[in-house]
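Novice:
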Amino acid sequence: MFSKSILNWYNENKRDLPWRNKPEAYFVWLSEIMLQQTRVAQGLPYYLRFVEEFPTVHDLAEASQEKVLKLWQGLGYYSRARNLHDTAKVVSVNFGGIFPNNYKDLKKLKGVGDYTASAIASIVYHEPVAVVDGNVYRVLSRFFGVETPINSTEGVKQFKALATKMLAEKSPGLYNQAIMEFGALHCKPKNPQCVTCPVQSNCIAFQQNKAGELPVKLKKQKVRERFFNFLVFQDVKGQMLLQKRVEKDIWQHLYQFPLIESKHNLTLAEIKKTALLDNEKKVLQSIKRWNENPIKHVLSHQKIWAIFWCVEVKKLPENIQNTQQIVNKQELVKFAVPVLMEKFINSKNG
DNA sequence: AAAACGGGGAA
DNA sequence: TTCCCAGTTTT
Numbered sequence: 001m002f003s004k005s006i007l008n009w010y011n012e013n014k015r016d017l018p019w020r021n022k023p024e025a026y027f028v029w030l031s032e033i034m035l036q037q038t039r040v041a042q043g044l045p046y047y048l049r050f051v052e053e054f055p056t057v058h059d060l061a062e063a064s065q066e067k068v069l070k071l072w073q074g075l076g077y078y079s080r081a082r083n084l085h086d087t088a089k090v091v092s093v094n095f096g097g098i099f100p101n102n103y104k105d106l107k108k109l110k111g112v113g114d115y116t117a118s119a120i121a122s123i124v125y126h127e128p129v130a131v132v133d134g135n136v137y138r139v140l141s142r143f144f145g146v147e148t149p150i151n152s153t154e155g156v157k158q159f160k161a162l163a164t165k166m167l168a169e170k171s172p173g174l175y176n177q178a179i180m181e182f183g184a185l186h187c188k189p190k191n192p193q194c195v196t197c198p199v200q201s202n203c204i205a206f207q208q209n210k211a212g213e214l215p216v217k218l219k220k221q222k223v224r225e226r227f228f229n230f231l232v233f234q235d236v237k238g239q240m241l242l243q244k245r246v247e248k249d250i251w252q253h254l255y256q257f258p259l260i261e262s263k264h265n266l267t268l269a270e271i272k273k274t275a276l277l278d279n280e281k282k283v284l285q286s287i288k289r290w291n292e293n294p295i296k297h298v299l300s301h302q303k304i305w306a307i308f309w310c311v312e313v314k315k316l317p318e319n320i321q322n323t324q325q326i327v328n329k330q331e332l333v334k335f336a337v338p339v340l341m342e343k344f345i346n347s348k349n350g
């Protein structure tokens, strides 16, 4: 009944979009390529300019690449435009302007993957193949309460199978467009309209109030690179300066040597120029770099390059910040420190 | 299996 | 800011 409800919703609520009037392969193909990872509102003006400029696939095939790219300018993912143009030439010249009429052959075209081949095959040729785009992932994961990450190998397989199972075989093209439209307009990523949802009563996410947590998506967490320059102060009595990390960051509440973070690891000259205060310079006896090459320290989401600078001073500063304290080097072991610090300390003692 | 590829709109 | 959009191709 899910599919029937979605189809009914579609009949009542669908947008009037130009490629929907009377599905022809060329227009459906063009719109699908343009709407890959692109909102309808953003792609629509481009679509209108393209069909105006290139009414048939032959017109597109015969255009220069410069002209195609110029018309594509601002839409992003520019390899789409090149693939579009290449495919237009193939269809125009090799296929006499006729697009392949089935999923398998459509998928061979440049820029046509699983989604686009399914969309064209179902919408134009009524082949019962299910589309799985961002909308379908969202709607199905919520309705069935599926928590498999949509960008995992397992998730891709599972959702394609589920979408295929739900496909309304009598009208696959309409159904595919319906579930996507429903996802785009009603079962939205943020603030889905559950209160007026036609399939509310059978929706797992609604029943368990977890629409906001679905679909599950693996974070692609980019690894941030950071450059740490530790200043290991030590006076003639073996006293050292330690400070607590209080900022909202890694290693919160752990202790460390005074740290200068920079865009790149600093040189000795830069340390002297920027890192040392005037009164520290006055009591400075020697400063030398402990590790020749920066130590790489990898966290789940960060890569840290660290250099320890051993700074010998006659005496440590009198007035220190309230996050800092002066400790004897024998006492260091009492403080919680990051592993990166611990390794340095152990190597000095051992 | 993961990265690269764009730009804009919404919260 | 972060997320995500009618994904595909390359590494």
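Just so we're aligned: 119 in the UniProt record's numbering is position 119 of the first sequence, and the numbers increase by one with no gaps anywhere. Glycine included, each C-beta is placed from N, C-alpha and C at the ideal position. Bear in mind the structure is a predicted one, so any value in this text is a computation, not a measurement.
Can you check which of these residues, K348, V339, Y78, P317, is closest to Q330 by C-alpha distance?
Specialist: Of the listed residues, the one whose Cα sits closest to Q330 is K348.
Novice: Would you call the segment 203-218 and the segment 288-300 touching, i.e. three or more CB-CB distances under 8 Å?
Specialist: The segment 203-218 vs the segment 288-300: no contact.
Novice: List the endpoints of the continuous beta strand (DSSP E) containing R289.
Specialist: That run of the beta strand (DSSP E) goes 284-289.
Novice: Is the beta carbon of A121 closer than 8 Å to that of V112?
Specialist: The answer is no: Cβ separation not under 8 Å.
Novice: Measuring alpha carbon to alpha carbon, tell me which residue in L69, L35, R39, A41 is nearest E53.
Specialist: Ranking L69, L35, R39, A41 by Cα distance to E53 puts L69 first.
Novice: Look at Y103 and S118 and say whether their C-beta atoms are less than 8 Å apart.
Specialist: Going by C-beta atoms, Y103 is nearer than 8 Å to S118.
Novice: State the Cα-Cα distance for the pair N191 and N209, rounded to the nearest angstrom.
Specialist: Going by the C-alpha atoms only, they are around 12 Å apart.
Novice: According to the Cβ coordinates, are K237 and V283 closer than 8 Å?
Specialist: For K237 and V283, no; Cβs fall outside 8 Å.
Novice: Under 8 Å, with one C-beta from each stretch per pair, do the segment 134-143 and the segment 80-93 reach the 3-pair mark?
Specialist: No: fewer than three Cβ pairs fall under 8 Å.
Novice: Is it true that the segment 41-51 meets the segment 15-30, where meeting means three or more beta-carbon pairs spaced less than 8 Å apart?
Specialist: Yes, the segment 41-51 touches the segment 15-30.
Novice: Could you tell me whether the Cβ atoms of P198 and S3 are closer together than 8 Å?
Specialist: The answer is no: Cβ separation not under 8 Å.
Novice: On the premise that Q285 lies in contact with P338, defined as a C-beta separation below 8 Å, what is that separation, rounded to the nearest angstrom?
Specialist: In fact, because the Cβ distance is near 27 Å, the residues do not count as touching under 8 Å.
Novice: Determine which residues share a DSSP beta bridge with H297 and list them.
Specialist: Paired residue(s): I304.
Novice: Figure out for me which residue from V232, K217, F344 has the closest Cα to the Cα of V327.
Specialist: When only C-alpha atoms are compared, the closest one is V232.
Novice: Would you call N319 buried or exposed, if buried means 16 or more other Cβ atoms sit within 10 Å of its Cβ?
Specialist: The residue in question, N319, is exposed, as its Cβ has fewer than 16 Cβ neighbours within 10 Å.
Novice: Taking 8 Å as the threshold (C-beta atoms), are E225 and K334 in contact?
Specialist: In this structure, E225 does not lie closer than 8 Å to K334 by Cβ.
Novice: Please tell me whether residue 352 and L340 are closer than 8 Å, where the distance is taken between their beta carbons.
Specialist: Nothing can be reported for residue 352: it is not among the residues displayed for the chain, which extend from 1 to 350.
Novice: State the CB to CB distance for the pair V136 and G183, rounded to an integer number of angstroms; the pair is presumed to be in contact (CB under 8 Å).
Specialist: That pair is a contact at about 7 Å.
Novice: Count the other CB atoms within 10 Å of the CB of L48; is the residue buried (16 or more) or exposed (fewer)?
Specialist: Flag for L48 reads exposed.
Novice: DSSP three-state label for C194, please.
Specialist: If DSSP states are grouped into helix, strand and coil, C194 belongs with the helices.
Novice: May I have the straight-line CA-CA distance separating L332 from V311, to the nearest angstrom?
Specialist: Their Cα atoms are separated by approximately 16 Å.
Novice: Is it true that the CB of L84 sits closer than 8 Å to the CB of I123?
Specialist: No, these two residues do not count as a Cβ contact at 8 Å.
Novice: Restricting to Cα atoms, I'd like to know which of F50, N229, I250 is closest to F27.
Specialist: Considering only alpha carbons, the answer is F50.
Novice: Measure the CB-CB distance between S262 and F230 and report whether it falls below 8 Å.
Specialist: No.
Novice: Using CA atoms only, rank isn't needed, just tell me which of V195, E181, Q324, C187 is closest to N13.
Specialist: Residue E181 is the option with its Cα nearest to N13.
Novice: Closer than 7 Å by C-beta to D133: which residues in its own chain qualify, once you throw out the five before and the five after it? Chain order, please.
Specialist: Excluding positions up to five away in sequence, the list reads Y115, M180.
Novice: With a 10 Å radius around its C-beta and 16 neighbouring C-beta atoms as the bar for buried, classify L218 as buried or exposed.
Specialist: Per the 10 Å Cβ criterion, exposed.
Novice: Identify, in the order they occur along the chain, each residue of the same chain with its Cβ nearer than 8 Å to the Cβ of L214, setting aside the five sequence neighbours on each side.
Specialist: Taken in chain order, the residues that qualify are R138, S141, R142, G145, V146, E147, A205.
Novice: In terms of DSSP beta bridges, what is V232 paired with?
Specialist: DSSP lists C310 as partners of V232.
Novice: Can you tell me where the beta strand (DSSP E) with S262 in it begins and where it stops?
Specialist: Counting along the chain, the beta strand (DSSP E) containing S262 begins and ends at 259-262.
Novice: Using 8 Å for Cβ pairs, my map puts G97 next to V57. What's the rounded Cβ distance?
Specialist: Correct: roughly 5 Å between the Cβ atoms.
Novice: Taking buried to mean at least 16 other C-beta atoms within 10 Å of its own C-beta, is H264 buried or exposed?
Specialist: It is exposed - the Cβ of H264 has fewer than 16 other Cβ atoms within 10 Å.
Novice: Going by other Cβ atoms of all chains shown within 10 Å of its Cβ, with 16 needed for buried, is P189 buried or exposed?
Specialist: So P189 counts as exposed.
Novice: For R49, does the three-state DSSP call read helix, strand or coil?
Specialist: Three-state result, R49: helix.
Novice: Just how far apart, CA to CA, sit A306 and I287?
Specialist: Going from the Cα of A306 to the Cα of I287 covers about 16 Å.
Novice: Do the CB positions of A163 and Y10 come within less than 8 Å of each other?
Specialist: Against a cut-off of 8 Å, the Cβ pair of Y10 and A163 comes out as no contact.
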